[in-house]
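Chains as they are written, first to last, in my numbering: chain A, 6 to 170; chain B, 254 to 669. Following: one structure in structure tokens, then a few remarks.
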Amino acid sequence: MSLAEKYPKEVEKILAKYPPEHKRSAVMPLLYMAQREEGYVDRHAIRDIAKMLDITDTEVSSIIGFYTLYHDKPEGKLRIQVCTDLPCALRGADQFLADLCDKLGIEPGGTTADGLITVEPVMCLAACDKAPMFQTQGADGIKYHENMTVESTMELIEGFKKGAK
Amino acid sequence: MSHVLLRHCDIPDINKIDVYKKNGGFKSFEKAVKKMTKDEVTNVVKDSGLRGRGGAGFPTGLKWSFMDNNNWPHYVVANADESEPGTFKDREIMEYNPFQFLEGVAISSYAVSANAAYIYLRGEFWEVAAFLDEKIEEMEKAGYLGNKLFGTDYSLKIYTHLGAGAYICGEETALLESLEGKRGQPRIRPPFPPSFGLYGKPTVVNNVETLTNVPLIIENGANWYTSMGTADSAGVKVFSLSGRVKKPGNYELPFGATFRELIYEHGGGIIDDRPVKAIMAAGASSSLIKVDEKALDTPMDYASVRDLGADLGSASVIVIDDTVNIDWVINKTIHFFKHESCGKCTPCREGNYWMQHLSERILNGEGGPEDVELLHSVAKQMQNKCLCALGEFATMAVVTGIERFPQDFKLPVKGS
């Protein structure tokens with residue numbers, strides 16, 4: 006099913022933001038929509054968006070490749086993206102990432118065996134005063150979690166796992 | 254003194270439209286549209302001395318006056334792609350004082366005759382964008398956005414647009430490419446956005462904090478604004494304080510407040526009361542300021558910080574104490590810029606790659622003085638060779654770190 010069939014009102018609302026002759030601008034919001042359910046954009050969605058916007062599949066794929074928040078393969082249903090840039094690292098973010106990964110038995114960038122949780126270091130998230138912090142990227146968008154500990158993160162993960170069952 | 258930008262510190266719930274209206278909200282926009290010409294609005298902003306808060310410090314009113322009036326339509330784009338490590342002020346403004354920001358977008362749109370404005374937010378600000386969408390809808394319902402505003406012929410729509418994780422999109426021409434649905438790679442300049450911007454049309458791109466100043470400047474006049482700050486840097490600034498301080502956070506101060514005041518009075522001093530070793534005043538893009546008493550007493554304005562061999566940029570003050578080694582600091586900044594280089598210009602793409610390899614080797618204790626020299630040389634060779642400032646930014650901490658902290662790279666200290 007195409008995006009326009011699946012979410013007609015939302016697609017219409019997105020396209021209305023941009024001048025009709027520049028509808029290519031809608032590629033980024035449409036890609037967010039396409040990866041909402043499975044956490045990644047598959048080939049059919051790429052073709053679908055390309056057709057809708059009169060651009061090539063390659064042009065759509067290049068957007069997925071360039072921007073870090075788009076994914077082209079399935080990984081954890083919930084991505085925990087920990088900022089380890091300088092200001093956060095000055096407040097213990099590297100140690101937090103290492104401890105969290107130890108607790109989950111994965112390497113940074115890895116996914117838990119049940120396929121639910123991916124933990125990855127990311128670049129600055131503009132919350133430098135509230136480190137350690139991370140964002141979660143999942144089906145309901147992106148959320149910030151600030152002043153975190155391994156314990157509070159494990160609680161969040163348990164909550165997510167219960168909801169996923 | 255009450256706040257100009259972080260007004261939620263003084264007025265609870267100012268992010269609710271009724272509270273904002275009760276505190277003079279939208280009066281400036283109405284006054285501009287009903288009683289002032291577009292040029293009058295631009296001239297007040299010019300006379301206020303307001304300079305861009307995204308880092309470049311370009312005079313805002315002057316930028317508006319560059320719009321090409323022979324090419325239509327015009328656009329305003331608010332740069333909410335806040336991504337510089339150490340900067341977290343625009344998010345606080347948008348979350349807690351959203352209407353003042355949106356009113357600033359509206360006034361600037363009127364001043365340059367734009368009927369559509371886009372707010373480009375970094376993709377991670379997903380929740381902020383949803384929140385702004387609600388606020389925009391409230392403004393439409395209340396008659397502050399839409400067609401024929403305040404009984405005049407002026408119409409305006411504001412839209413949010415989410416990026417998807419790319420620091421480079423904070424560079425205004427990369428941002429415009431991204432907004433057009435392309436990879437965010439900078440354009441060759443000139444032409445600058447006021448003559449060739451979004452969709453090739455004249456466009457003003459302003460930072461969130463810059464625009465949030467505008468409603469109060471229109472309300473209180475240019476002289477009120479220049480009465481704060483210094484001659485070179487008028488007004489107030491939100492300083493994002495982070496790193497090894499007890500109380501990191503955003504602090505709004507007039508330009509000219511000292512580093513000492515920010516770090517000790519507001520930031521509560523250094524964790525475990527250690528001495529300050531270095532300051533990065535413009536986030537990860539900073540030259541490293543070697544801290545002594547004189548540096549701590551330096552007023553934070555554009556000119557004074559330049560005298561310290563650094564830049565104020567977006568005033569993202571990262572504090573580094575004596576527990577931290579500078580070889581580790583530059584490894585962090587290099588890692589960031591290597592990841593964020595868009596790949597368009599070879600010196601930046603390749604230079605960052607090689608800087609990362611050298612820096613890893615030095616940090617792991619496997620490098621000798623020749624590796625430090627080579628790292629310095631690679632950084633120097635990247636300078637002045639790229640289309641945008643990222644290629645420069647990536648080298649600032651590296652060059653000044655090696656030159657000002659040689660002992661942290663196990664190099665002989667000059668003069669000893």
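For each residue, glycine too, the CB sits at the ideal point set by N, CA and C. Bear in mind the structure is a predicted one, so any value in this text is a computation, not a measurement.
Query	Result
Looking at C-alpha atoms only, which residue of B:Gly-307, B:Lys-284, B:Val-297 and B:Leu-428 is the closest neighbour of Cys-595 of chain B?	B:Leu-428
Quick check on Glu-283 of chain B: does DSSP put it in helix, strand or coil?	helix
Hey, does Trp-379 of chain B have any beta-carbon neighbour from chain A nearer than 8 Å?	yes
Select from B:Asp-343, B:Val-329, B:Val-489 and B:Ser-538 the residue whose C-alpha is nearest the C-alpha of Pro-552 of chain B.	B:Val-489
Which chain B residues sit within Cβ distance under 7 Å of Met-32 of chain A?	Note that residue 32 of chain A corresponds to Val in the displayed sequence, not to Met. By Cβ distance, chain B contributes Gly-434.
Classify Thr-483 of chain B: buried if its beta carbon has 16 or more other beta carbons within 10 angstroms, exposed otherwise.	buried
Identify the continuous beta strand (DSSP E) that holds Asp-574 of chain B and give its terminal residues.	569-574
Since Ile-270 of chain B contacts Ala-333 of chain B with CB under 8 Å, what's their CB separation in whole angstroms?	Not really, about 20 Å apart at Cβ, beyond 8 Å.
Would you identify the three-state DSSP class for Ile-532 of chain B, choosing helix, strand or coil?	strand
What's the gap between the Cα of Phe-492 of chain B and the Cα of Asn-368 of chain B?	32 Å
By the criterion of Cβ-Cβ separation under 7 Å, what are the contact partners of Met-128 of chain A in chain B?	Tyr-420, Phe-589, His-592 and Glu-593
Which residues, in chain order, does the stretch 559-575 of chain B contribute to contact with chain A at a C-beta distance below 9 Å?	Ser-569, Ile-571, Val-572, Ile-573 and Asp-574
Over what stretch of residues does the alpha helix (DSSP H) that includes Tyr-371 of chain B continue unbroken?	Not the alpha helix (DSSP H): Tyr-371 of chain B falls in the beta strand (DSSP E), residues 367-374.
Using C-beta distances below 7 Å, list every residue in its chain close to Met-320 of chain B, excluding the 5 sequence neighbours before and after it, in chain order.	His-327, Val-365, Pro-447, Pro-455 and Val-457
Quick check on the burial criterion: 16 or more other C-beta atoms within 10 angstroms. Buried or exposed for Gln-353 of chain B?	buried
Just to confirm the assignment, what range does the alpha helix (DSSP H) spanning Arg-304 of chain B have?	From DSSP, Arg-304 of chain B is part of no alpha helix (DSSP H); its letter is neither H nor E.
Return the CA-CA distance between Glu-380 of chain B and Gly-423 of chain B, expressed in angstroms with no decimal places.	19 Å
Got a sec, what are the start and stop residues for the beta strand (DSSP E) Tyr-412 of chain B sits in?	410-415
On the three-state DSSP scale, how would you describe Glu-505 of chain B?	strand
Could you pull out every residue in the same chain whose Cβ sits closer than 7 Å to the Cβ of Arg-614 of chain B, ignoring the five residues on either side in sequence?	Gly-620 and Asp-624
Mind pulling the chain A residues with CB within less than 7 Å of Phe-341 of chain B?	Ala-131, Ala-132, Cys-133 and Asp-134
To the nearest angstrom, report how far apart Gln-86 of chain A and Ile-122 of chain A are at their CA atoms.	10 Å
Within a Cβ cutoff of 7 Å, which residues of the same chain sit near Ser-612 of chain B, ignoring the five residues on either side of it in sequence?	Ile-583, Asn-584, Ile-587 and Leu-628
Per DSSP, what kind of secondary structure is Leu-121 of chain A in: helix, strand or coil?	coil
Can you tell which of B:Gly-418, B:Leu-549, B:Thr-599 and B:Glu-514 has the C-alpha that lies nearest to the C-alpha of Gly-70 of chain A?	B:Gly-418
For Gly-437 of chain B, return the contacting residues in chain A, with the cut-off set at a CB-CB distance below 9 Å.	Phe-71 and Tyr-72
Quick one, which of B:Arg-497, B:Asp-580 and B:Leu-432 has its alpha-carbon nearest Pro-528 of chain B's?	B:Arg-497
With a threshold of 16 other CB atoms inside 10 Å of the CB of Phe-311 of chain B, please say whether the residue is buried or exposed.	exposed
Applying the 10 Å Cβ sphere with the 16-neighbour rule, what's the burial state of Asn-459 of chain B?	buried
With DSSP run on the structure shown, which of helix, strand or coil describes Ile-162 of chain A?	helix
Whole angstroms are fine: how far does the CA of Tyr-478 of chain B sit from the CA of Ser-255 of chain B?	13 Å
Nearest chain B C-beta to Tyr-12 of chain A closer than 8 Å, yes or no?	no
Could you tell me if Ser-669 of chain B is buried or exposed, where buried requires 16 or more neighbouring beta carbons within 10 angstroms of its beta carbon?	With a pLDDT of 44 at Ser-669 of chain B, under the threshold of 50, the modelled position of that residue is not reliable, and the figure given next carries that caveat. Result: exposed.
Give the residues of chain A in contact with Arg-306 of chain B, contact being defined as C-beta atoms less than 9 Å apart.	Result: empty, since nearest Cβ-Cβ is about 14 Å, beyond 9 Å.
Which residues in the same chain as Tyr-23 of chain A place their Cβ atom closer than 7 Å to its Cβ, once the five residues preceding and following it in sequence are excluded?	Ser-30 and Ala-31
Using a beta-carbon distance cut-off of less than 9 Å, what residues from the stretch 335-364 of chain B approach chain A?	Glu-335, Ser-336, Glu-337, Pro-338, Gly-339, Thr-340, Phe-341, Lys-342, Asp-343 and Arg-344
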